[in-house]
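If you read the sequences in order, they're chains A and R. Going left to right, the first sequence walks through residues 0 to 133 as numbering that gives the first Met the number 0 numbers them. Going left to right, the second sequence walks through residues 0 to 386 as numbering that gives the first Met the number 0 numbers them.
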Amino acid sequence: MGISKIVMGLDDKPMWASIERGAMELQKCGECGEFRYPPAPVCPHDLSADATWTPVSDKGTILSWVIFHKQYFEDHVPPYNSVAIQLEEGPIVVSQLQGDEPEGSWIGQRVELIYAEHAGRTQHFARWLKPQAA
Amino acid sequence: MANNNLAKVAAVVGVGNTDYRGDWTRVRAGEKPRDSVGYAADAFKIALADSGLRKSDIDGLIVGPTTAYDRMGEVLGLDVKWGGQGDAMLSVIQAVMAINAGLCETVACVYGNNQRSAAVNYGGDNAVGGGNFLSYVYHAPWGFTSQGALYAMMFRRYMEESGLTSAELAEVSVAQRLHSSITPHALMQKRITVEDYLASNFVCEPLHLYDYCLVNDGGVAFIITTADRAKTMGGRAVPIHGVGRHDLNSGATSMIPRLTNFYLPAQQAVAAQVFDMAGVGPEDMDCLQIYDSFSCHIPLALEGYGYCKVGEAGKFMRETGISVEKGLPVNTAGGHLSESYMQGWAHQVEAVRQVRGECGARQVPDCNFAHYSSDVAGKAVSIIYGK
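Put into structure tokens, the structure is as follows:
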């Protein structure tokens, strides 16, 4: 069993550099304005290579979640969760919810990305934004 | 517009598989009976004998993704007019296309896999498949790894939306264990109950151990020839009535189609294509063979191909049933969960054997049509075998 690794393609490098600085940037298409994830050489809608690395809001909504009960990596000891988050800008990213967890379904809960050290690198995690009491 | 160009231009005339249980027993005892090429060669010999053809009749060769085409052809001593590599479903479709184009007449499709004895990993830092499917490895920094976890993420959302319960999902594992328990070559010979399922460990919640496929060694082969030649070979040929494919590649790594529509549009598009080509509908199918690396493929396919209404697969599985004892039989030899994990190859063989009527205790009565489907990572493929 090994340590989990980043897939570092050519287009991933600027994103991970921004994560290292604690503020994730994704490519925003210069043609249609859409954000794309994972980073890619062209926009999948209009094939434009014109893009600007743009900070995201770090806020999003949980689309789904799982709990791992089997260990696959030295640095992720079960039970632990993975969450699929749709960012306000549109892209879906996978992260891990830390701290308080919603009771019942996690779907639709609002979260915020935070940045922390893990296995010798900086990466994002997610923190639940509890609904304000009415 | 109807497209029946490929309907009944080719037929399966020979099928073969290795002794999965024997291989399983030997591998678990620490032996390495065969490498992948060896398993494929064993299966090819059986399929060739089953067809009654001679090796010199084979003029096309399509090899599964786990063996190298060049070495496979060398080991089998096959010099051919058409060759290629493909997964189970594409090997069938490519064979039909090559035959239809007149490039060759009789194609051997062969597959061998030593994944158990070679200790292949489907998750973790050396997970296989990442070169072909970025989603299998891209989210590893967050511990999100293994194809099972991808389907767990997908199916959690489906369960929350549809209300399908774990006990309803258990119907898949329970039915397929029933089937494998009456299939002599299947690995899992003992039935399980819904209670056994619910008491089993989670691997990646909401999926339990029984939702996951086996990982075992083995080989499968089949031989496909022209419809005209098949007619001269006695009554055991099984024509291919329809084939279809529709892929959702957009947003594959970020799981957009997985999480927002459960690949439903891909399956619906293929359903229209394949049923139209074959001139039949879901009501004409006597059994289904569904690619089941995980149990949750089954409810999604039942909805995608129109066997039940969207959102009602849980109720369908519980009330109508999906076994040879009750309802619409699915994965009649046990599938990947309980027969053998041959990555869709054994499903083709089982479909052919059901239409031939040679399945013994698990035989579906009067089986005129068997429908195969898969939706691996959003690539939906469908094949209809029939009399």
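All residues carry an ideal CB built from backbone N, CA and C; glycine is no exception. Here the structure is a predicted model, which means the values were calculated and not measured.
- What residue 125 (chain R) touches in chain A, judged by beta-carbon distance under 8 Å, is 1, going in chain order.
- Residue 150 (chain R) has a beta carbon lying at 7 Å or more from every beta carbon in chain A.
- Between the region 187-200 of chain R and the region 140-148 of chain R there are fewer than three C-beta pairs closer than 8 Å, too few to call the two in contact.
- When DSSP states are grouped into helix, strand and coil, residue 116 (chain R) belongs to the coil group.
- Close partners of residue 83 (chain A) in chain R (Cβ separation under 7 Å): 152, 254, 258.
- Among the CB atoms of chain R, none fall inside 7 Å of the CB of residue 25 (chain A).
- Rounded to whole angstroms, the gap between the alpha carbons of residue 29 (chain A) and residue 125 (chain A) is 29 Å.
- Residue 244 (chain R) places its beta carbon 7 Å or farther from that of residue 355 (chain R).
- Under the three-state reduction of DSSP output, residue 62 (chain R) falls in the strand class.
- Any Cβ of chain R closer than 7 Å to the Cβ of residue 18 (chain A) would place that residue at the interface, and such an atom is absent.
- Against chain R, a Cβ distance below 8 Å from residue 64 (chain A) picks out 152, 155.
- The straight-line gap separating the alpha-carbon atoms of residue 155 (chain R) and residue 64 (chain A) is approximately 7 Å.
- Taking each of R:222, R:351, R:274, R:301 in turn and checking the Cα distance to residue 60 (chain R), the smallest one comes out for R:222.
- The Cβ neighbour count for residue 313 (chain R), taken over all protein chains shown within 10 Å, is at least 16; the residue is labelled buried.
- Per DSSP, the unbroken beta strand (DSSP E) holding residue 378 (chain R) starts and ends at 378-385.
- By the CB criterion at 7 Å, residue 360 (chain R) and residue 286 (chain R) fall outside the cutoff.
- Here the region 31-38 of chain R lies against the region 211-219 of chain R, with 3 or more beta-carbon pairs under 8 Å apart.
- Taking a Cβ-Cβ threshold of 8 Å, none of the residues of chain A is close to residue 212 (chain R); the smallest such distance is about 15 Å.
- Interface with chain A (7 Å Cβ-Cβ cutoff): residue 122 (chain R) is included.
- Contact with chain R is absent for residue 38 (chain A), since none of that chain's Cβ atoms lies less than 7 Å from the residue's Cβ.
- In this chain, the alpha helix (DSSP H) harbouring residue 99 (chain R) covers 87-99.
- The three-state reading of DSSP puts residue 122 (chain A) in strand, counting E and B together.
- Taking every protein chain shown into account, the CB of residue 162 (chain R) has fewer than 16 other CB atoms within 10 angstroms, so this residue is exposed.
- Contact of residue 56 (chain A) with chain R by beta-carbon distance below 7 Å is absent, the smallest such distance being about 17 Å.
- The C-beta of residue 34 (chain A) comes no closer than 7 Å to any C-beta of chain R.
- Note: residue 225 (chain R) is bridge-paired with R:9 in the DSSP secondary-structure output.
- In the structure shown, residue 335 (chain R) falls within a helical segment according to DSSP collapsed to helix, strand and coil.
- In terms of Cβ geometry, residue 87 (chain R) and residue 241 (chain R) do not form a close pair [threshold 7 Å].
- The DSSP-derived three-state label of residue 18 (chain A) is helix.
- In this structure, DSSP gives residue 371 (chain R) an extended state, which the three-state scheme calls strand.
- For residue 202 (chain R), there is no enclosing alpha helix (DSSP H); the residue is part of the beta strand (DSSP E) that begins and ends at 201-204.
- Within chain A, the residues whose beta carbon sits less than 7 Å from that of residue 145 (chain R) are 71, listed in sequence order.
- Straight-line spacing of the CA atoms in residue 21 (chain R) and residue 182 (chain R) works out to 14 Å.
- Pairing residue 253 (chain R) with residue 197 (chain R), the inter-Cα distance amounts to about 30 Å.
- Counting other Cβ atoms within 10 Å of its Cβ, residue 109 (chain R) reaches 16 or more and is therefore classed as buried.
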